[in-house]
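What follows is a set of notes on a single structure, which appears directly below.
Number of protein chains: 2
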Amino acid sequence: MHSLVEENYLKALFALSKDKGSVSVNDLSKHLDIKMPTVTNMMKKMAFKNLVHYQSYKPLKLTKKGKKEAALIIRKHRLTEMYLVEKMGFGWEEVHNIAEQIEHIKSPKLFAKMEELLDYPKFDPHGTPIPDINGEMEWKAFSKLSECKPGERVKMAAVINTSDEFLKFLNRREIHLGLKIRIESVEPFDNTMVVKYKNHSGETISHTVCERLLVEKF
Amino acid sequence: MHSLVEENYLKALFALSKDKGSVSVNDLSKHLDIKMPTVTNMMKKMAFKNLVHYQSYKPLKLTKKGKKEAALIIRKHRLTEMYLVEKMGFGWEEVHNIAEQIEHIKSPKLFAKMEELLDYPKFDPHGTPIPDINGEMEWKAFSKLSECKPGERVKMAAVINTSDEFLKFLNRREIHLGLKIRIESVEPFDNTMVVKYKNHSGETISHTVCERLLVEKF
DNA sequence: GTATAAAGTTAGTCTTAACTAACATATTAG
DNA sequence: CTAATATGTTAGTTAAGACTAACTTTATAC
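Just so you know, the sequences run in chain order A and B.
In the numbering used here, each residue carries its 1-based index in the first sequence increased by 277.
In the numbering used here, each residue carries its 1-based index in the second sequence increased by 277.
This is how it looks when you write it as structure tokens:
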């Protein structure tokens, strides 16, 4: 199987290539905090293992195989996060570091069991889709909260930024997954939103935050 | 912190020194399936880190620090095994390999949570003690030989005093870990025991010695 | 009590995955 | 279009942790 190190490269490649489909050596280097020559070297090795398409001076692209392997690691990460939150009582902001380590555990049984105990979830505590055992994920059409109009009722579905800071911020305002939110109004000058949910009414949310909250209309 | 590799050496040293209090390079090498020169090298590094007492051609002994670190890894291993069995529905035969990996996870929180959910167990279902957060374990699971009654059959589990003198004494009488012993009789005046084991029958053991031998009833 | 076997050590090599320094190619700015 | 800058590569080094071959010390057998 793959080394822990290779798995981290795969995961980073997968995460970074979401938008453009490819990644620069530079981006990958910065994301992993590993110097560029090391990354170049590793890419050659991984190309040899048919995990990534590599050509000198060209952007990096995961192969089909690489994409699947990456998805399977992400599957383990997200199942773990969800298990920790749902079954062990951890908070959102605590689970990332633990999942980052557990995702490398080699034990199909362990993750199959988590999945079973969680009732085969398709989305994790951050609302992002969980790849299935074949590395396939279901993408659902979520909207950014910032794109919603006054009067609409939506349900919290995912967060884009998962930094500790941000998650703590959401906790303080009791904003969590599945929360039903009604958009009261939008300030025209700075796009700040005034929303209502649970026992919070007239809560204001900055545009920056609204850009990072994915919601489901219903 | 320590590398995964060092942790495995610590754990093996701890497990193997249960009986004699010290371990030969050869035993350690066989147990880890790592060649002797590699072990010697690692012992020097670990001696430098004050985890093990090392002198050329002498048996290996964990330092106090090394013992504690090892106990903390074993704590994580046993808590994980118990958690997998009790809370996730695994069978005992399935959990060892998983625990072997999870024991290296760096997250005090995770194991504190397992401990909490398991209701602060001091022993696993095999009666083996689980070290606490300070690496201390309770040995109550075992009885002193001196507390056993005539007719009982017991198995040697641990020795309290590990002085050279004492261990040599035990060696001369071929008393070792795992040895099955039957208590024949107890002299009422000085509590000397007459016991039978292997090809020794009618061997007498003083009360002083019986006080230092921990046994498991079976 | 020496000869032989077993255990332990030393020296030198390999692989993985990191690094720096120096060089090469692309991109951007004027 | 060329200069400057940013990005990417090559070459050589390092540390951890494994190995083999050869040597040394300790233990065991006769």
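Ideal Cβ positions, reconstructed from N, Cα and C, are used throughout, including at glycine.
Would you mind sorting A:Glu-371 into buried or exposed? The rule is 16 or more other CB atoms within 10 Å of its CB. It is buried - the Cβ of A:Glu-371 has at least 16 other Cβ atoms within 10 Å.
Listed in chain order, which residues of the segment 390 to 408 of chain B have Cβ atoms closer than 7 Å to some Cβ of chain A? Per Cβ criterion, the list reads Lys-390, Leu-394.
Could you work out which residues of chain A lie near B:Phe-388, taking near to mean beta carbons separated by less than 7 Å? Neighbours of B:Phe-388 across chain A, judged by C-beta separation under 7 Å, do not exist; the nearest C-beta is about 10 Å away.
For A:Arg-449, is the classification buried or exposed, using 16 other Cβ atoms within 10 angstroms of its Cβ as the cut-off for buried? So A:Arg-449 ends up on the exposed side.
In its own chain, which residues sit with a C-beta less than 8 Å from the C-beta of A:Asp-304, not counting the 5 before and 5 after it? The answer, listed in chain order, is Leu-293.
Closest to B:Asn-285 by C-alpha separation, out of B:Ser-299, B:Val-431, B:Ile-351, B:Trp-369, would be which residue? Considering only alpha carbons, the answer is B:Ile-351.
Using a Cβ-Cβ cut-off of 8 Å (strictly less than) and excluding sequence neighbours within five positions of B:Lys-344, which residues of its own chain qualify? Sequence-distant partners of B:Lys-344 (beyond 5 residues in either direction) whose C-beta falls short of 8 Å from its own C-beta, in its chain, are Phe-291, Gly-412.
Where A:Tyr-334 sits in the DSSP three-state scheme: A:Tyr-334: coil per DSSP, three-state reduction.
So is B:Lys-288 in contact with chain A if we call contact Cβ pairs under 8 Å? No, its Cβ sits nowhere closer than 8 Å to a Cβ of chain A.
What residues are listed by DSSP as bridge partners for B:Lys-421? Bridge partners of B:Lys-421: B:Leu-491.
Assign A:Leu-339 to one of three DSSP states: helix, strand, or coil. DSSP places A:Leu-339 in strand when its eight states are reduced to three.
A:Ser-384: contacting residues in chain B (beta-carbon distance under 8 Å): Result: Asn-374, Ile-375, Gln-378.
Skipping 5 residues on each side, what residues in its chain have a beta carbon closer than 7 Å to that of B:Asp-401? So the list reads Arg-355, Glu-358, Met-359, Ile-407, once near-sequence residues are dropped.
Determine the chain A residues that contact B:Phe-495 at a beta-carbon separation under 7 Å, and present them in chain order. Simply none; closest approach about 31 Å.
Chain A residues whose Cβ lies nearer than 9 Å to that of B:Phe-367: In chain order: Lys-386, Leu-387, Lys-390.
Of the choices B:Thr-481, B:Leu-287, B:Glu-442, B:Lys-426, whose alpha-carbon is the least far from that of B:Ala-347? Considering only alpha carbons, the answer is B:Leu-287.
Are the Cβ atoms of A:Pro-336 and A:Val-300 separated by less than 8 Å? It is a contact, given that the beta carbons lie within the stated cut-off.
Residue of A:Leu-490, A:Ile-382, A:Asp-296 minimising C-alpha distance to A:Met-278: The shortest Cα separation from A:Met-278 among A:Leu-490, A:Ile-382, A:Asp-296 belongs to A:Ile-382.
Buried/exposed call for B:Leu-339, threshold 16 Cβ in 10 Å: Looking at its Cβ environment, which holds 16 or more other Cβ atoms inside 10 Å, B:Leu-339 is buried.
Could you tell me the boundaries of the beta strand (DSSP E) in which B:Ile-458 lies? First-last of the beta strand (DSSP E) with B:Ile-458: 457 to 463.
Does the beta-carbon distance from B:Ser-384 to A:Gln-378 come in below 8 Å? A contact, by the Cβ cut-off of 8 Å.
Name, please, each residue of chain B whose Cβ falls closer than 7 Å to the Cβ of A:Glu-371. Near A:Glu-371 (Cβ distances below 7 Å), the residues of chain B are Lys-386.
Between the alpha carbons of A:Ala-324 and A:Lys-342, how many angstroms are there, rounded? Straight-line Cα distance between these residues: approximately 11 Å.
Sort A:Phe-466, A:Val-302, A:Ile-460, A:Trp-416 by Cα distance to A:Val-472 and report the nearest one. Ranking the options by Cα distance to A:Val-472, first place goes to A:Ile-460.
Residue interval of the alpha helix (DSSP H) (run including A:Lys-390): Here the alpha helix (DSSP H) through A:Lys-390 covers 385 to 394.
When you compare only the Cα positions, how much space is there between A:Glu-369 and B:Lys-421? As written in the sequence, residue 369 of chain A is Trp, which differs from the Glu given in the question. Cα to Cα, the separation comes out at about 48 Å.
Residue span of the beta strand (DSSP E) that contains B:Thr-481, given as start and end: Taken as a continuous stretch (DSSP letters only), the beta strand (DSSP E) holding B:Thr-481 covers 477 to 482.
When you compare each of A:Ile-437, A:Glu-363, A:His-453, A:Ala-376 to A:Asp-396 by their alpha carbons, which one comes out closest? With distances taken between Cα atoms, A:Asp-396 lies closest to A:Glu-363.
Integer-rounded CB distance, given that A:His-453 should sit under 8 Å from A:Thr-469: Contact between A:Thr-469 and A:His-453 does not hold, since their C-beta atoms are separated by about 21 Å, which reaches or exceeds 8 Å.
Could you round the C-beta distance between A:Ala-434 and A:Glu-488 to whole angstroms and report it? I think they count as a contact, below 8 Å. 14 Å between Cβ atoms; not a contact.
Coil, strand or helix - A:Arg-450 by DSSP: When secondary structure is reduced to three states using DSSP, A:Arg-450 falls in the coil class, being assigned neither helix nor strand.
Indicate whether A:Leu-394 and A:Ile-375 have their beta-carbon atoms separated by less than 8 Å. Taking 8 Å as the Cβ cut-off, A:Leu-394 and A:Ile-375 do not qualify as a contacting pair.
Is the separation between the beta-carbon of B:Leu-491 and that of B:Tyr-474 shorter than 8 Å? Going by C-beta atoms, B:Leu-491 is not nearer than 8 Å to B:Tyr-474.
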